[in-house]
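Everything on this sheet refers to the single structure shown next.
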Ligand code: ATP
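Numbering (our numbering), first residue to last: 411 to 1004.
Structure representation (structure tokens):
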């Protein structure tokens, strides 16, 4: 497909706001795409150069884009900058200059999607001395052959500001419609996506091998899967009832979720975070221990990485563990704050796929392949059959400084990428507070007033993720819990990222001073969840200011600024808020009748 045709589809996508219309346009686009460029087309539409776990970004800064536009169309950098300042969008500036370019179109070449994509890939991988000039030249080579519409999207893609408003759920639905004409194949496609986290690979497999290819999709080493998530219930009684009277309870460690892929013969280990970021370089002691203490040639296992002192048996707080997530000074930090992995699951070992096997079989094999050592340790667990035993285990975990427990269904397979009742978490609650924190996505921010004026930061507008509608729905404004340092850090970060109009995937009745594209997550504690017409969380109609949505009472920030281990689509979902609201209501009734 020529890039010009893709740009036209992007133009159409930008022109509609309903999700159904978006799905139809995407379906049409996918139908016209063939095996050779389906991966590139999907990645481009997602605004990425590779699946996120590969960590490849175009690395083009605004200044480069300005230079490339000036060079391609015969204008000065100042002229380009002025046009950019006026519209706030470098893509529109490129479009304008392409339309009235002083230089006649230098190249008659028509680029294909693949050629544009490959050029962007090369730009991303070019580094070292003189690389900036090379990058600018490569980009202007594409611009010189672009129509105004193509120029708009080439520049937006290069800068990482494409933002077509197309999330995972929308692409999956379009892929299903492309192959069956309806939504009925979405479940299978989602299951394949959940075990490879690579939408390009899913699309390619569907085109190449059809539905059978998707149904036979397998987990593969060094390709991270999307982790299983836990539901919540408020009491031991309810947990056991849900688990049909018997379950395993495990300690809930408050560290960083880590999946470890290893191949002993190749001496290769890769570690991925909850949102599939590559953590390998940050945890050298885990890499070493995996090769030494996991008794298998090839394995994929999962656990919680946490700073732990094996002598005193003390767990360090999350804030300490998170300090290990750094790019520099790793050796020194790994000595200062050594990390252990509390392993709790096994997905693959030496030719056997465990992901589809029951929990009891997975942990049984896990126990057998981990040799005794202080770095990879089996997560503590116990099988219980009574609420009293479950409560006892829970209280014991709390007294050891842990966060709570995760109850696990003994017979359930590993359900990648979904929050199901096969895992149920129970956390310690504090009097007068919601029993759990929530992870919210920043969608806007307010300027400081009064004493806050000097920080140019007054608070955040925060949202939950509605995974069914593929939208971010506002839940609360957050004005408290910030230290001065956090306020100035947030201001610095957000002022660079602010956009002029409401991002397409955000549903909001509130108008912050500045909008932010959904990307950054913060953890918030609150007193309770209330019904409120002010926020869009849980609303059928986003326009209605009468329908009741959900909101937080007395929200305050508890994470140290932005959470580095969660992306926007890993935030708390609308459904979780609704179930937390129901749990809270039930607890109240029980308290009153007690
Ligand atoms: P939370 O903020 O409660 O950790 P979450 O949304 O990050 O929630 P959930 O799946 O809801 O993730 O809760 C389980 C989390 O608890 C996992 O992400 C994992 O990092 C952590 N965890 C700690 N110990 C365990 C364990 N034994 N089994 C499963 N998860 C565990």
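Each residue gets a CB set at the ideal place from its N, CA and C atoms; glycine is no exception.
Residue burial classification, residue i (beta-carbon count within 10 angstroms, cutoff 16)
i: residue 721; result: exposed
i: residue 622; result: exposed
i: residue 937; result: exposed
i: residue 830; result: exposed
i: residue 626; result: exposed
i: residue 654; result: exposed
i: residue 922; result: buried
i: residue 709; result: buried
i: residue 783; result: exposed
i: residue 727; result: exposed
i: residue 486; result: exposed
i: residue 561; result: buried
i: residue 583; result: buried
i: residue 738; result: exposed
i: residue 895; result: exposed
i: residue 598; result: buried
i: residue 372; result: No answer is possible for residue 372: it lies beyond the span of the chain, which begins at 411 and ends at 1004.
i: residue 493; result: buried
i: residue 589; result: buried
i: residue 591; result: exposed
i: residue 795; result: exposed
i: residue 719; result: exposed
i: residue 615; result: buried
i: residue 555; result: buried
i: residue 550; result: buried
i: residue 934; result: buried
i: residue 999; result: exposed
i: residue 893; result: exposed
i: residue 636; result: buried
Three-state secondary structure assigned by DSSP to residue i
i: residue 947; result: coil
i: residue 375; result: Residue 375 is absent from the model: the chain starts at 411 and stops at 1004.
i: residue 723; result: coil
i: residue 850; result: strand
i: residue 698; result: helix
i: residue 924; result: strand
i: residue 962; result: strand
i: residue 654; result: coil
i: residue 446; result: coil
i: residue 677; result: coil
i: residue 911; result: coil
i: residue 682; result: strand
i: residue 999; result: helix
i: residue 620; result: helix
i: residue 801; result: helix
i: residue 663; result: coil
i: residue 717; result: strand
i: residue 705; result: coil
i: residue 688; result: strand
i: residue 929; result: coil
i: residue 763; result: strand
i: residue 672; result: strand
CB-CB length for residue i against residue j, believed under 8 Å
i: residue 914; j: residue 873; result: No, residue 914 and residue 873 are not in contact; Cβ-Cβ is about 13 Å, not under 8 Å.
i: residue 509; j: residue 565; result: That belief does not hold up - the Cβ atoms of residue 509 and residue 565 are roughly 14 Å apart, past 8 Å.
i: residue 903; j: residue 867; result: About 10 Å; that fails the 8 Å criterion.
i: residue 658; j: residue 767; result: At roughly 15 Å, the Cβ-Cβ gap does not stay under 8 Å, so residue 658 and residue 767 are not in contact.
i: residue 463; j: residue 682; result: 6 Å
i: residue 749; j: residue 702; result: No, residue 749 and residue 702 are not in contact; Cβ-Cβ is about 15 Å, not under 8 Å.
i: residue 704; j: residue 787; result: With a Cβ gap of about 12 Å, residue 704 and residue 787 do not count as contacting.
Check your understanding: At a cut of 8 Å, does the segment 699-717 reach the segment 613-622 through at least three beta carbon pairs?
Key -> Cβ pair count under 8 Å is below three, so no.
Exercise for review: Flag this pair as touching only if the segment 688-700 and the segment 636-650 have three or more C-beta atom pairs under 8 Å; answer yes or no.
Suggested key: Inter-segment contact for the segment 688-700 and the segment 636-650 is absent: fewer than three beta-carbon pairs are separated by less than 8 Å.
Review point. Between the segment 531-539 and the segment 467-479, do three or more beta carbon pairs fall short of 8 Å?
Key: The answer is yes - the segment 467-479 touches the segment 531-539, with three or more Cβ pairs under 8 Å.
Check your understanding: Any chance the segment 768-780 sits against the segment 744-755, with 3 or more Cβ pairs inside 8 Å?
Key -> Yes, since at least three Cβ pairs between the segment 768-780 and the segment 744-755 fall closer than 8 Å, the two stretches touch.
**Study point:** At least three beta-carbon pairs within less than 8 Å, the segment 951-969 to the segment 667-678
**Key:** When C-beta atoms of the segment 951-969 are compared with those of the segment 667-678, fewer than three pairs fall below 8 Å, so the two segments do not count as touching.
Practice item. Flag this pair as touching only if the segment 574-589 and the segment 430-446 have three or more C-beta atom pairs under 8 Å; answer yes or no. Key: Under the 8 Å Cβ criterion, the segment 574-589 counts as touching the segment 430-446, having at least three qualifying pairs.
Practice item. Count the C-beta pairs between the segment 925-937 and the segment 967-976 that are closer than 8 Å, then say yes if the count reaches three, no if not. Key: Enough Cβ pairs lie closer than 8 Å, so yes.
Practice item. Pair every Cβ in the segment 803-821 with every Cβ in the segment 656-664, then say whether three or more of these pairs are closer than 8 Å. Key: Between the segment 803-821 and the segment 656-664 there are three or more inter-stretch CB-CB distances shorter than 8 Å, so the stretches are counted as touching.
Check your understanding: Hey, is the segment 601-619 in contact with the segment 814-828, meaning 3+ C-beta pairs nearer than 8 Å?
Key -> Yes, since at least three Cβ pairs between the segment 601-619 and the segment 814-828 fall closer than 8 Å, the two stretches touch.
Exercise for review: Report yes or no: do three or more beta-carbon pairs, one from the segment 938-946 and one from the segment 879-897, lie closer than 8 Å?
Suggested key: The segment 938-946, when compared against the segment 879-897, does touch it at the 8 Å Cβ threshold.
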